[in-house]
Each structure stands twice: as C-alpha cells, then as structure tokens.
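To start, the structure under review is shown below, and the notes come after it.
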Amino acid sequence: MIEILNPAELTRARETGALVGHILQALKSRSAVGTSLLDIDRWAETMIVEAGARSCYVDYAPSFGRGPFGHYICTSVNDAVLHGLPHDYTIADGDLLTLDLAVSRGGVAADSAVSFIVGESKPPESVVLISTTERALRAGIAAAGPGARIGDISHAIGSVLSEAGYPINTEFGGHGIGSTMHQDPHVSNTGRPGRGYTLRPGLLLALEPWVMVDTAELITDPDGWTLRSATGCRTAHSEHTIAITSDGAEILTLATPAQL
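With our numbering applied, the sequence shown closes on residue 275, and no number is skipped along the way.
Pasting the structure below:
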C-alpha cells in the first residue's frame, strides 16, 4: 500500500516527526558511559506516553522477527545495526550506539535513527562510518522531489556508500510510511536512477542508509531480533522521515531548537 497524505494529515505528520526528533536528541544527550540500554528504553517509554503517542515497536511482529518486539526503541551497539532489542547492557566508552525510533500520534507515524559514539574515545573508523551514512542520507534527501523516482534516491544513497568503500546490503532499506510504520514503496540503499515509483506530493518516505565496515552479510542474535554484522565489524545507521512537497522534500524528524 502507498499512501498519499492530504494537507491535514501532513500537518499531523510534521507534529509526529518533530516529536520523534525531539525524543531521539533527548535520549542521545542522556546516553553516557554507564547507561543501560534498558534505561534508554524506559526513558523512551516515558517521553512517548507523556506526549500522548505510542511506539510503533511494542506490538511490532513482522515475519522476520520473533515478535512482538515488546520495547519502545531499538538500541544497537557496535556490530549490531538494525532492530537492536534493548537488554541489560551498560554502555562503555567508545561504544558506537544507534537509536532507532518510530512513533505514531494523530494517526500518522514517523521514523528516524541516529548513530553516535558514547564517551571520550572516538575511534576514527567509527567516526568515518557514521559520517558516511549521514552524507548518504543527505544525498538521498537531495534526490527526492515530485517527479523523481525511487531509483534516483537509491542511486544517490548507494553512490555515497559505495564510493566510501562499504559493501551494501539490500535486504533492508528505506520505506514508505504514513498511517503505519512500514509501507510501500521499498527504498533500497543502492539502485539505478530513473527506475521505480514516481514520487508525488503528500508521499512520506523513511530513508535509512546503513552500512557495515567490511561485509554485507547479517546474522541474527538468539533474541530473534537484533541484526549484526557477520564479521563482528562496526556498523552505523542514519534515518529521517521526509515528506515529498510540491517543490522538493521536507525533513520531518528534525528536533526544533525550541524542543531542545
């Protein structure tokens, strides 16, 4: 299903997106050496509930997971990159942490992810890895607009990732979003320009470049959810929800200065 939102729905999407951006930035600022992943999950729960929203993850039970997910946010550390199930792990100095949050409020969902290094140690390889996914995300957003095609976005993202020397996994990527978290169209992190669905104003997309340093192969933890690099290498993931407008693409999941 591909949804095209009307102006009233887009207004609610902006509100939900701003909430997601605010919560992610607040959680990032509180994530320090010694913080438990379960603390982050509890903080996310409190902020979501107090905002009158709901996490898209608690009851999430797709075919590839061992559902329901049962937590409010995905927390992935170091070699974990997607669907990181919060557990009793204490963050250490130099850990690469990815927080991935999807929330629904007012009947519209928004989805965003941020990767960052906790503490004072900043391993150069991790810094470059994160920066590359952020650049790929900016490139994908720049390629989005009315009349563009999904393949244009995929090509823009993939060009940045591949030029940086990273293998690209195509099992998981970006997606449409609206009244539910995951919708068509699928947005691969590499592809051919000029192919795929033609973008229209009112379409929401969650774009999410993610990579692993030296492999494109994933393995699944015994928890049935957490996806890790097959080689144990570090990973990074950057994501925003955007709305296609009449003149381009609007990022919905930025935290506004007033919220921080």
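Quick reminder that beta carbons are idealized off the backbone N, C-alpha and C, glycines included. Owing to the predicted nature of the structure, the values given are computational and were not obtained by experimental measurement.
Cut-off 8 angstroms between Cβ atoms - residues of its own chain near residue i, not counting five sequence neighbours on either side
i    : result
G49  : T105 and I106
L218 : I17, E18, I19, L20, G191, A258 and I259
I132 : G109, D110, L111, L112, P138, S141, V142 and I145
S9   : In the structure as shown, the chain starts at 16 and stops at 275, and residue 9 therefore has no counterpart that could be examined.
V276 : As displayed, the chain neither begins before 16 nor continues past 275, which places residue 276 out of reach and without an answer.
Neighbour-count burial assignment, residue i, 16 or more Cβ in a 10 Å radius
i    : result
M16  : exposed
I234 : exposed
D199 : exposed
F79  : exposed
T241 : buried
A273 : In this prediction, A273 has a pLDDT of 42, which is less than 50 and means its spatial position is unreliable; what the coordinates show is noted afterwards. Looking at its Cβ environment, which holds fewer than 16 other Cβ atoms inside 10 Å, A273 is exposed.
D238 : exposed
T90  : buried
P101 : buried
V35  : buried
Delimiting residues of the beta strand (DSSP E) encompassing residue i
i    : result
L214 : Unbroken run through L214: none, as it is neither H nor E.
W225 : W225 to M227
R249 : First-last for R249: undefined, no H or E at that position.
I259 : H255 to T260
C71  : No beta strand (DSSP E) contains C71, which DSSP labels as neither H nor E.
D115 : L111 to R120
V92  : C89 to V92
DSSP-derived helix/strand/coil call for residue i
i    : result
V142 : helix
P182 : coil
S194 : coil
V133 : coil
L126 : Residue 126 is actually Asp in this sequence, not Leu. It is a strand residue.
T26  : helix
S174 : helix
S150 : Ser is not the amino acid found at residue 150; the sequence shown has Arg there. If DSSP states are grouped into helix, strand and coil, R150 belongs with the helices.
Residues of its chain near residue i, where Cβ-Cβ distance is below 7 angstroms and the 5 sequence neighbours each way are ignored
i    : result
L275 : Note on L275: pLDDT 36, under 50, position unreliable in the model; the coordinate value appears next. Same-chain partners within the cutoff: Q40.
F202 : With the sequence shown as reference, residue 202 is identified as Val, and Phe is not the correct amino acid for it. Result list for V202: I165, I168, S169, G188, G189, H190, L220 and L222, in chain order.
R249 : N93, D94, L111, E140, S141, L144 and V228
First and last residue of the uninterrupted alpha helix (DSSP H) at residue i
i    : result
T61  : L52 to E65
E265 : Per DSSP, E265 belongs to no alpha helix (DSSP H); it is in the beta strand (DSSP E), G263 to I266.
L97  : Taken as a continuous stretch (DSSP letters only), L97 belongs to no alpha helix (DSSP H), being part of the beta strand (DSSP E) at A95 to L97.
Sequence-distant residues of the same chain with beta carbon closer than 6 angstroms to residue i, five excluded per side
i    : result
H252 : V96, T113, A128, S130 and W225
S119 : R69 and C71
P216 : P161, I259, T260 and S261
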